[in-house]
Amino acid sequence: MIEDKAVASEVCSRMLKINASIDETIVFVQEHCSVEEVDNFKRAMGEVMYMVFEQALIPIYKKHPELVPDGQRVSGITD
Numbered sequence: 320m321i322e323d324k325a326v327a328s329e330v331c332s333r334m335l336k337i338n339a340s341i342d343e344t345i346v347f348v349q350e351h352c353s354v355e356e357v358d359n360f361k362r363a364m365g366e367v368m369y370m371v372f373e374q375a376l377i378p379i380y381k382k383h384p385e386l387v388p389d390g391q392r393v394s395g396i397t398d
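Under the numbering used here, think of the first position of the sequence shown as 320, with each following residue one higher.
Set out below in structure tokens:
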């Protein structure tokens, strides 16, 4: 996907920040919304998070496996 390792590293960092922001937002929604709203929101955010990993991070990790964060397992790339 992205050949330049420095650019790939920055993209990974930014994508992981998106994930962290989504996690924080889910907590916020849990504190302020109904169970039904929380369930719907979590389901939608799960799809977004999946797309971030599947469409952005996984292709980068395949090209640059050294960019996989310590402790993170990626099927087919890390143990």
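Yeah, the Cβ is synthetic: ideal placement off N, Cα and C, and Gly gets one too.
For residue i, count neighbouring C-beta atoms within 10 Å of its own C-beta (all shown protein chains included) and say buried if the count is 16 or more, exposed if not.
| i | result |
| --- | --- |
| ALA325 | exposed |
| ALA339 | exposed |
| CYS352 | exposed |
| ALA327 | buried |
Out of curiosity, what's the CA-to-CA distance linking residue i and residue j?
| i | j | result |
| --- | --- | --- |
| VAL354 | VAL346 | 12 Å |
| ILE337 | VAL348 | 16 Å |
| ASP323 | TYR380 | 12 Å |
| GLU343 | GLU350 | 11 Å |
Could you tell me how far apart the beta carbons of residue i and residue j are, in whole angstroms, since I believe they sit closer than 8 Å?
| i | j | result |
| --- | --- | --- |
| ILE341 | MET370 | Not confirmed; about 11 Å, so no contact. |
| PRO378 | MET320 | 4 Å |
Given the structure, does residue i come close to the ligand FAD, in the sense that its CB is under 7 Å from one of the ligand's heavy atoms?
| i | result |
| --- | --- |
| TYR380 | Absence of the ligand FAD is noted for the structure shown, with no ligands found whatsoever. |
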